[in-house]
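Comments concern the structure below.
Protein chains: 2
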Amino acid sequence: MLDPASIDALKKSHLFSGYAARDMAEISRFAKLVYLESHAVLFRESEPCSAIYCLVEGLVKLCLYGPKRQEKIVEIIGPDQTFGEAAMFSGQGYPVSAVAIEDSRLIAVDAFSFMRYLRQRPELNWTMMAMLSRRMHQLVGQVKSMSLHNAEQKVAKYLMDYYDDDFPTRPVSNLPPRRADLAAVLGITAETLCRVIANFRQRGWITTLDNAIVVSSPVDMRGLIMDVRQPGESSNRRKDVAVPSVDHLPAAG
Amino acid sequence: MLDPASIDALKKSHLFSGYAARDMAEISRFAKLVYLESHAVLFRESEPCSAIYCLVEGLVKLCLYGPKRQEKIVEIIGPDQTFGEAAMFSGQGYPVSAVAIEDSRLIAVDAFSFMRYLRQRPELNWTMMAMLSRRMHQLVGQVKSMSLHNAEQKVAKYLMDYYDDDFPTRPVSNLPPRRADLAAVLGITAETLCRVIANFRQRGWITTLDNAIVVSSPVDMRGLIMDVRQPGESSNRRKDVAVPSVDHLPAAG
DNA sequence: GAAATACGTTGATCTAGATCAAGGGCCATT
DNA sequence: AATGGCCCTTGATCTAGATCAACGTATTTC
């Protein structure tokens with residue numbers, strides 16, 4: 000059972016924002032508050048999904064661990080974001096681990112009860128679908144970044160994803176609190192990240208102050224991502240890479 | 000408008016298998032057949048989603064291209080599989096490109112009409128949700144494999160994912176038709192893949208015949224993925240274990 | 001205030017895997 | 001039978017980024 004303030008907090012999330020008051024009242028009956036200290040583990044990869052979560056306050060990372068304990072952060076969850084929905088539907092357990100990186104307060108919505116409720120009200124699934132689709136896109140973006148970009152491009156891509164063209168002098172928002180976290184998000188080491196940032200600073204493309212980073216040459220950054228090179232410079236031409244041909248385009252309408 | 004045989008083909012897919020006859024009749028009204036020659040492009044990354052597809056016959060790759068045209072295959076679609084659903088809901092366009100790697104026959108279901116129909120029948124969304132969730136899991140698995148495994152582990156993981164414990168002597172199923180495709184799936188070069196396979200063969204962990212691969216030591220393969228090492232042994236030094244050579248190989252060709 | 005701890009930074013190596021290059025088997029076409 | 005195209009395979013290098021190591025600067029602990 001949830002207090003009114005927490006119900007309001009839930010409603011601030013994208014997933015629940017469209018829900019009617021009576022839906023929220025019902026859902027609050029099988030939701031509860033959870034407190035996590037920094038570094039505390041909320042759930043681990045492959046654990047069965049007992050609840051989906053909405054972060055109210057603090058910061059949580061969703062991550063994967065390799066055989067040698069290397070960490071890959073799949074996503075950093077901030078306040079008003081929900082997570083765990085996909086696991087609820089797939090019935091395959093959580094695909095990632097969730098670990099607090101700041102002291103956090105969360106709302107846990109019991110998965111079984113929530114599923115039962117959704118079965119009664121299938122219209123509510125529209126926001127859920129949108130949620131899952133958006134997350135899939137983001138995940139595909141990660142796959143792309145991991146497999147097709149080098150370290151500089153990864154950093155540039157990340158910074159430009161959070162860069163706001165309307166406020167060029169504003170520091171990039173939502174940066175992870177520690178450099179090591181950003182490195183784990185990008186799938187590179189902290190040392191490499193540090194060197195890349197130093198390079199960008201030397202070239203005058205960014206300026207830094209503590210954790211904050213201000214992009215001062217978005218054009219160059221974007222150029223780097225798209226791998227534009229000076230004319231005349233021979234780009235590594237490989238003939239054997241597959242390039243989809245332009246013809247044969249089907250009339251898919 | 001679809002002929003009865005094609006409607007049957009649609010129903011063989013996981014997405015439509017639970018649909019009632021009258022739903023299928025309705026859907027067939029805004030579905031049509033599409034034929035692709037090998038190498039033909041069905042759609043490209045970021046193109047708006049006009050339809051979702053069900054492959055009836057042939058083989059299609061979903062892939063991403065880097066700034067230098069490097070290819071990363073996100074998934075290889077076989078008969079009776081559907082794709083494009085996520086793009087339909089996200090409203091962000093297709094996250095990947097789709098290219099035929101064999102002459103293919105597909106059914107295209109118009110996205111707009113299908114969405115409209117789903118709005119009338121929200122219960123139908125349950126299979127859709129399951130679909131999306133499963134695909135998300137798979138994608139997270141890819142992220143993990145890309146960021147936390149080395150080349151040998153990637154290959155081993157792939158082979159064991161398609162290995163059937165009940166039929167140990169059966170070749171790994173669903174292997175891509177060409178080695179280069181498998182390499183693009185794993186995010187390594189064809190040369191590296193070739194060397195890894197040669198190593199596995201020398202160690203007696205697999206046997207090969209043409210494209211087919213039979214895993215003969217699943218225990219070792221699984222051990223490699225989990226990075227088990229002999230106690231007391233330093234991780235870096237390459238150990239030159241005398242592997243008893245398995246000489247009953249059918250000369251591969 | 002000294003010591004310990006945690007991070008960020010920089011430099012020096014090392015290495016897994018990419019890249020480059022050269023055959024070789026197989027099939028289709030002539 | 002010869003030719004050419006397409007892959008697969010193997011060998012020889014090259015290199016981006018990991019790893020190892022040392023140091024600086026805060027911040028916390030006693």
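Heads up: the sequence lines are chains A and B, in that order.
Just so we're aligned: 174 in numbering that gives the first Met the number 0 is position 175 of the first sequence, and the numbers increase by one with no gaps anywhere.
Just so we're aligned: 171 in numbering that gives the first Met the number 0 is position 172 of the second sequence, and the numbers increase by one with no gaps anywhere.
We put the CB at the ideal spot given by N, CA and C, even for glycine.
Asked, Found
"Rounded separation between Arg177/B and Pro170/B - CA only", "15 Å"
"Test item: CB-CB of Ser27/A and Leu1/A under 8 Å", "yes"
"Exposed unless 16 or more other CB atoms sit within 10 angstroms - verdict on Gly203/A", "exposed"
"Spatial distance of Phe166/B from Glu46/A (CA atoms)", "28 Å"
"Secondary structure, beta strand (DSSP E): runs of 3+ residues fully inside the segment 42-101 of chain B", "50-56, 59-64, 70-76 and 96-99"
"Under the three-state DSSP convention, the category Tyr34/B falls into", "strand"
"Distance, Val73/B Cα to Val184/B Cα", "6 Å"
"Other residues of its chain near Ala39/B: CB distance less than 6 Å, five sequence neighbours each side excluded", "Ala99"
"CB contact below 8 Å: Lys143/A versus chain B", "yes"
"Start and end residues, alpha helix (DSSP H) containing Ser144/A", "Asn124 to Leu147"
"Residue burial classification, Gly264/A (beta-carbon count within 10 angstroms, cutoff 16)", "Residue 264/A lies beyond the range of chain A shown here (0 to 252); nothing can be said about it."
"Ser172/A (DSSP reduced to helix, strand or coil)", "coil"
"Neighbour-count burial assignment, Arg120/A, 16 or more Cβ in a 10 Å radius", "exposed"
"From Leu174/A, Gln152/A, Thr168/A and Asn149/A, residue whose alpha carbon lies closest to that of Tyr161/A", "Leu174/A"
"Closest Cα partner of Asp102/B within the set Lys156/B, Leu123/B and Leu54/B", "Leu54/B"
"Delimiting residues of the alpha helix (DSSP H) encompassing Ile187/B", "Per DSSP, Ile187/B belongs to no alpha helix (DSSP H) and is neither H nor E."
"Phe88/B: contacting residues in chain A (beta-carbon distance under 7 Å)", "Met128, Ala129 and Ser132"
"Coil, strand or helix - Ser103/B by DSSP", "strand"
"Boundaries of the alpha helix (DSSP H) in which Ala150/B is found, first to last residue", "Ala150 to Asp160"
"Ala4/A (DSSP reduced to helix, strand or coil)", "helix"
"Proximity of Ala85/A and Leu131/A at Cβ, strictly below 8 Å", "yes"
"CB contact check: Gly231/A to chain B, cutoff 8 Å", "Residue placement at Gly231/A is flagged as unreliable, the pLDDT there being 32, under the threshold of 50; a coordinate-derived value is accordingly withheld."
"Cutoff 8 Å: Lys67/A Cβ touching any chain B Cβ", "yes"
"Environment of Phe111/B [buried if 16+ CB atoms lie within 10 Å]", "exposed"
"CB contact below 8 Å: Ser146/B versus chain A", "yes"
"Beta carbon of Ala19/A nearer than 8 Å to that of Val108/A", "no"
"For Ala39/A, the first and last residue of its enclosing alpha helix (DSSP H)", "Per DSSP, Ala39/A belongs to no alpha helix (DSSP H) and is neither H nor E."
"Proximity of Phe42/B and Ser89/B at Cβ, strictly below 8 Å", "no"
"Span of the beta strand (DSSP E) around Leu117/B", "No beta strand (DSSP E) contains Leu117/B, which is instead part of the alpha helix (DSSP H) from Ala110 to Gln119."
"Ala241/A, DSSP secondary structure in three states", "Its pLDDT being 35, under 50, Ala241/A is placed unreliably in this model, and the coordinates cannot settle the point."
"Gly17/A, DSSP secondary structure in three states", "coil"
"Selected residue, minimal CA-CA separation from Lys10/B, among Trp125/B, Glu70/B, Ile187/B and Gln80/B", "Gln80/B"
"Where Thr206/B falls, given that 16 or more other Cβ within 10 Å makes a residue buried", "buried"
"Delimiting residues of the alpha helix (DSSP H) encompassing Met276/B", "Because chain B spans 0 through 252 in this model, residue 276/B falls outside it and cannot be assessed."
"Distance CB(Gly77/B)-CB(Leu147/A) smaller than 8 Å", "no"
"DSSP beta-bridge partners of Ala24/B", "Answer is none; Ala24/B lacks a bridge partner."
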